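Some notes on the structure that comes next.
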Ligand code: GLU
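Numbering (the working numbering), first residue to last: 9 to 396.
Encoded structure:
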């Protein structure tokens, strides 16, 4: 399936949305069944569902916790406590074993996996963003399942002002955004969002759909419903807010519900559904415009204007007339036509000096001219938003 097949299309019976690119987040409590070891039966069901969907042509990736729990088991409780340095040691010990488990389980289905350890800082950085996006999309195109976790050894959440261990709920929302996922599924032990904490209140009711994540809904998340993983319901709701604002439909569901991932992928109502609050194109446009420096500009000829606007093409070197300003690979640049009217903005694959050298050339000459090659496109279609 090509990278461009990103929109949620209708399923065969035309009544339910079908999702094509899906991020599945599995939390520690689910993967360990709240014990001190991986629940391989649970993992095998999760892997089987992901494999089945991949065989059916969907693009799948997994954000998996569990490294700290596995590390704790391997070190047999030598490292006690929950403070950041201890958890970093445990994550470093456990990550290999965690990945190995996925590798073996996917091997049964003949599917290769890749490890991607990311920090939220990398994901927020524009240069990191381009590389991470290209790599993850490249893995999907190669039929590989990325198994993503936070790079706990270096990652400490500075956003909260203190030394806080990152949570994979937020990471999964950022990943879903960066790869333009259609659907983010956050799987845990709890079936979804309830009116009250279901562990404390037997009358608590599951909320099937949340259109708007306002404070009232946020309050239902409580401080934390989980003590094993980092994220409780509150971080899941924050993550859902982030993902839906980037145009990604999000579901919080129980990982032990039979065939949950497959059923959700086909649009079945399970757990709590948070519909996207904007389209991915709109959210991307907003993001790009807010990060764009107008002085960083690529001027293109009339042929390129037509190719971009009317034919949905990437910007290639022959269409470039000149660059204005100084910018680096990964920066968001403005693309203007010969009359200097802005037609698009996008993330550039090459810096301004490199573009000056390859402009008007054929893409095949890039390597000979620069001595390296980041792709045939100056700005790839997937990293561009048309504004006119
Ligand atoms: N990255 C941590 C781990 O692999 C988990 C963080 C979380 O539970 O959100 O154990």
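Glycine is no exception: its CB is placed at the ideal position from the N, C-alpha and C atoms.
In this text the structure is predicted, and so the values were computed from the model without any measurement.
Near the ligand GLU: residue i beta-carbon under 8 Å from a heavy atom
| i | result |
| --- | --- |
| residue 211 | no |
| residue 123 | no |
| residue 275 | no |
| residue 1 | There is no way to answer for residue 1, as the model of the chain reaches only from 9 to 396. |
| residue 62 | no |
| residue 36 | yes |
| residue 350 | no |
| residue 130 | no |
| residue 103 | yes |
DSSP state of residue i mapped onto helix, strand, coil
| i | result |
| --- | --- |
| residue 40 | helix |
| residue 119 | coil |
| residue 343 | strand |
| residue 335 | coil |
| residue 219 | coil |
| residue 395 | coil |
| residue 251 | helix |
| residue 280 | strand |
| residue 313 | helix |
Exposed unless 16 or more other CB atoms sit within 10 angstroms - verdict on residue i
| i | result |
| --- | --- |
| residue 177 | buried |
| residue 162 | exposed |
| residue 145 | buried |
| residue 84 | exposed |
| residue 380 | exposed |
| residue 66 | buried |
| residue 57 | buried |
| residue 2 | Residue numbering for the chain in the displayed model covers 9 to 396; residue 2 lies beyond these limits and cannot be assessed. |
| residue 320 | exposed |
Chain-order list of residues whose beta-carbon lies under 6 Å from that of residue i (same chain, five-residue window excluded)
| i | result |
| --- | --- |
| residue 384 | 371 |
| residue 255 | 284, 286, 287, 288 and 291 |
| residue 259 | 193, 272, 279 and 281 |
| residue 378 | 362 |
| residue 387 | 323, 354 and 356 |
| residue 197 | 37 and 38 |
Same chain, Cβ closer than 7 Å to residue i, neighbours up to 5 away in sequence not counted
| i | result |
| --- | --- |
| residue 166 | Residue placement at residue 166 cannot be trusted, given a pLDDT of 49 that sits under 50; the coordinates are not used to answer. |
Span of the alpha helix (DSSP H), counted from its first residue to its last, around residue i
| i | result |
| --- | --- |
| residue 299 | 288 to 299 |
| residue 224 | 223 to 228 |
| residue 142 | 134 to 149 |
| residue 57 | 48 to 63 |
Bounding residues of the beta strand (DSSP E) (the contiguous stretch that carries residue i)
| i | result |
| --- | --- |
| residue 79 | Note, residue 79: premise wrong, no beta strand (DSSP E); alpha helix (DSSP H) at 75 to 82. |
| residue 33 | 29 to 34 |
Neighbourhood of residue i by C-beta, 8 Å cutoff - its chain only, sequence neighbours within 5 removed
| i | result |
| --- | --- |
| residue 350 | 342, 343, 344, 395 and 396 |
| residue 134 | 299, 338, 339, 340 and 355 |
| residue 111 | 121 |
| residue 53 | none |
| residue 302 | 342 |
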